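See below for the structure under consideration.
Residue numbers (this note's numbering): 169 to 425.
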């Protein structure tokens, strides 16, 4: 987060960023299904649009709010921050998470409207199977491992490209096509299109994502140890300080811990 930005602005940026992300995911899915009947090509178009959109959103908004766009990232930052003393507090969590969920729903509604569909159409795409839930555990664990691992390794400046690249890859190597985000999962229930998920399928996905986040934090601890005292906070991309720090390289700024 940007320490200089008021919480209201940071929460608004989280909502707007999550809305834009879901609009990219849903809108590109609608566009792809209108252009081809080949499911593989549809998924390729959907995943590529998501990768490009996510790089832009993290790079643009990360310095303001941290570019979480994801409740599990916010919650994981809170958990790790309680140990290191530099993460968001309960006040930030209480502001970020509702903003992310509301933004995700708004993004789905916007995508529906852009393509002249029903503004709100609950999905009929059932995603109810244990192998899909396992896919969500794996996708979310890997995402949390990457984000917080980059912070511990002092490579926060690579986050926009690497986080987006991971999500693009996880579209293909997970059975669930890597939702890996409770807010996005809820938002995608509001569109009966290629990217949708039936409301009845949402709860198991959320449970799998929370489990995956816990496993991801365990992987971070196993690979990188406990967090050292940090100079920054939980931004997904590093802050740009007002003046260069004389003794600490910029790449050592933290993502989320």
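Positions of the beta carbon are idealized from the N, C-alpha and C atoms, including for glycine. Everything numeric in this text was worked out from a predicted model, so none of it was measured.
Are the CB atoms of residue j and residue i within a distance shorter than 7 Å?
| i | j | result |
| --- | --- | --- |
| residue 215 | residue 334 | no |
| residue 426 | residue 272 | Outside the displayed range of the chain (169 to 425) lies residue 426, so it cannot be described from this structure. |
| residue 225 | residue 175 | no |
| residue 280 | residue 186 | no |
| residue 311 | residue 348 | yes |
Spatial neighbours of residue i within its chain, please: CB distance less than 7 Å, with the 5 preceding and 5 following residues excluded, ordered by chain position.
| i | result |
| --- | --- |
| residue 192 | 217, 218 and 221 |
| residue 318 | 324, 326, 327, 330 and 423 |
| residue 277 | 287, 288 and 358 |
What residues in its chain sit with their C-beta under 6 Å from that of residue i, if we drop five residues either side in the sequence?
| i | result |
| --- | --- |
| residue 269 | 351 and 354 |
| residue 201 | 210 and 362 |
| residue 305 | 376, 379 and 380 |
| residue 173 | 232 |
Going by DSSP in three states, residue i sits in which element: helix, strand or coil?
| i | result |
| --- | --- |
| residue 287 | coil |
| residue 280 | helix |
| residue 353 | helix |
| residue 205 | coil |
| residue 321 | helix |
| residue 345 | coil |
| residue 372 | helix |
| residue 362 | coil |
| residue 177 | helix |
| residue 186 | helix |
| residue 256 | coil |
| residue 250 | helix |
| residue 299 | helix |
| residue 271 | helix |
| residue 237 | coil |
| residue 292 | coil |
| residue 172 | coil |
Does any heavy atom of the ligand SAH sit closer than 6 Å to the C-beta of residue i?
| i | result |
| --- | --- |
| residue 371 | This structure lacks the ligand SAH, and indeed carries no ligand of any kind. |
For residue i, count neighbouring Cβ atoms within 10 angstroms of its own Cβ and tell me buried if that reaches 16, exposed if not.
| i | result |
| --- | --- |
| residue 292 | exposed |
| residue 237 | buried |
| residue 341 | exposed |
| residue 308 | buried |
| residue 199 | buried |
| residue 332 | buried |
| residue 244 | buried |
| residue 177 | exposed |
Please report the distance separating the alpha-carbon of residue i from that of residue j.
| i | j | result |
| --- | --- | --- |
| residue 254 | residue 392 | 17 Å |
| residue 235 | residue 207 | 31 Å |
| residue 344 | residue 374 | 12 Å |
| residue 262 | residue 283 | 33 Å |
| residue 274 | residue 223 | 20 Å |
| residue 346 | residue 301 | 10 Å |
| residue 251 | residue 369 | 34 Å |
| residue 258 | residue 246 | 8 Å |
| residue 401 | residue 249 | Bear in mind that the predicted position of residue 401 carries a pLDDT of just 40, short of 50, making it too unreliable to give a figure here. |
| residue 203 | residue 356 | 21 Å |
| residue 386 | residue 285 | 42 Å |
| residue 303 | residue 337 | 13 Å |
| residue 212 | residue 299 | 21 Å |
| residue 290 | residue 394 | 43 Å |
| residue 196 | residue 260 | 31 Å |
| residue 320 | residue 241 | 15 Å |
| residue 390 | residue 322 | 17 Å |
| residue 314 | residue 239 | 16 Å |
| residue 297 | residue 316 | 29 Å |
| residue 181 | residue 194 | 20 Å |
| residue 256 | residue 205 | 45 Å |
Enumerate in chain order the residues of its own chain whose CB-to-CB distance from residue i is below 8 Å, with the five nearest sequence positions on each side excluded.
| i | result |
| --- | --- |
| residue 183 | 267, 268, 270, 271 and 274 |
| residue 295 | 344, 365, 366, 369 and 373 |
| residue 265 | 239, 242, 243 and 351 |
| residue 371 | none |
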